[in-house]
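The block underneath contains the structure these notes are about, expressed in structure tokens.
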Amino acid sequence: MSMPPAPPSLATTAAVDTAVQPNDPPHKKNKRTKSYGSYLPLGPTQRTYCATVSYDGTGFVGFQLQDHERNVASNSSSSSIRTSTAKAVRTVQLVLEDALLRTTGETIRIRGASRTDKGVHAVGQVVAFTSAVAIDSNEVFLRALNTRLPDDVVVTSMTHDVDVDFDPRKQSQAKCYIYRLRHGTVRVPLARHQVWQMSKELDVDKMVEAAAWLQNDVAQDFRQFTPAKALAPDKSTLCTVTKVHLWTDKADQTVHIQVVGNRFLYKMVRTIVGVLVEVGLGRATSQQVQLMMAQPMASHRSISTGAPPHGLVLQWIQLIEA
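Numbering (full-length UniProt numbering), first residue to last: 1 to 322.
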């Protein structure tokens with residue numbers, strides 16, 4: 001099977017505008033804490049930044065700040081936030097906001113495009129935040145921020161060439177996840193945090209056949225691919241999944257499952273992978289997957305509770321062009 005095409009570029013974050021815009025509308029100032037080391041200089045005007053972030057999700061309980069962490073981040077100094085980050089619940093958002101605080105002296109709230117779950121990794125997470133940092137070089141800001149981030153998180157690109165009210169979640173039009181699993185071979189200890197490893201052999205051809213029922217250019221109801229407890233009357237279960245593509249690396253028996261869609265329900269991608277694995281193991285059929293899509297309102301009885309999180313990577317996010 002052929003490798004998928006290279007991911008599209010993030011059109012919104014491609015250009016870098018290094019000039020301060022004099023007509024930028026004023027914003028409420030971020031609160032600056034007492035000095036913690038050397039801060040970047042601040043100016044009178046706030047700008048919104050868009051950044052791409054990569055992280056190893058092994059040491060995190062997820063991307064999004066937890067409710068009790070929000071109170072800590074809103075009311076605490078830099079040193080107490082660092083203490084909260086070191087213990088209690090560790091999220092990617094908390095770590096990023098702590099690094100921004102120690103870089104700028106401002107208490108900054110970031111906005112993420114995707115709320116990845118505990119143990120899920122990312123190569124192309126997109127975040128936005130507002131700051132009054134008075135430097136024109138995005139590269140200088142990026143390097144300063146990365147020196148204050150732990151080894152399992154890095155900002156790979158940054159720009160302030162976005163609207164002041166830019167929200168990456170609302171501007172997201174497509175997301176790509178890739179799941180990796182090894183089958184029918186001896187497990188590799190060094191890959192245990194990035195790949196789901198199983199000793200049993202999978203019938204990948206049957207998995208490909210079943211995957212065809214999941215992809216479409218129009219929205220379909222995926223309520224059978226999220227836990228019943230996550231369903232709510234006010235939450236839509238319609239998603240447009242345009243691609244579920246499988247290919248195998250023959251050298252090490254690794255199956256790659258690429259899922260591309262406009263939005264995803266809670267644990268939806270992992271459930272898709274889990275269902276396809278059940279088909280590959282011969283414990284479910286392509287016809288059952290077809291039935292799950294054709295009769296979404298049937299009693300909620302998914303074939304699988306979902307694949308483990310550590311094999312999943314948020315590969316890229318495509319944003320709506322400005």
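Heads up, the beta-carbon is just placed ideally off N, CA and C, and yes, glycines get one too. From a predicted model like this one, the values you see are computed outputs, not experimental measurements.
Burial state of residue 269 (16 or more Cβ within 10 Å): With 16 or more other Cβ atoms within 10 Å, it is buried.
Just checking my contact of residue 201 with residue 286 at CB under 8 Å: how many whole Å lie between their CB atoms? The distance from the Cβ of residue 201 to that of residue 286 is about 18 Å, inconsistent with a contact at the 8 Å cut-off.
Considering only their Cβ atoms, is the gap separating residue 107 from residue 193 smaller than 8 Å? no
So is residue 207 buried or exposed if we call it buried at 16+ other beta carbons inside 10 Å? buried
Which whole runs of the alpha helix (DSSP H) in the UniProt domain "Pseudouridine synthase I TruA alpha/beta" (80-167) are 4 residues long or more, in chain order? Runs of the alpha helix (DSSP H) inside the UniProt domain "Pseudouridine synthase I TruA alpha/beta" (80-167): 92-104 and 138-146.
For the alpha helix (DSSP H) that contains residue 43, what are its first and last residues? That residue, residue 43, is in no alpha helix (DSSP H); its beta strand (DSSP E) goes 42-55.
Can you check whether the CB of residue 237 is closer than 8 Å to the CB of residue 221? yes
Quick one: measure Cβ to Cβ for residue 99 and residue 148, integer angstroms, because I've assumed they're closer than 8 Å. Contact between residue 99 and residue 148 holds: their C-beta atoms lie close to 4 Å from each other, under 8 Å.
Out of 155, 169, 165 and 101, which has the shortest C-alpha to C-alpha gap to residue 114? 169
Is the segment 299-314 touching the segment 164-183, taking contact as three or more C-beta pairs under 8 Å? yes
So, using beta-carbon positions, are residue 66 and residue 95 closer together than 8 Å? no
Alpha carbon to alpha carbon, how far is residue 293 from residue 104? Give it in angstroms, no decimals. 49 Å
Please classify residue 47 as buried or exposed, where buried requires at least 16 neighbouring CB atoms within 10 angstroms. buried
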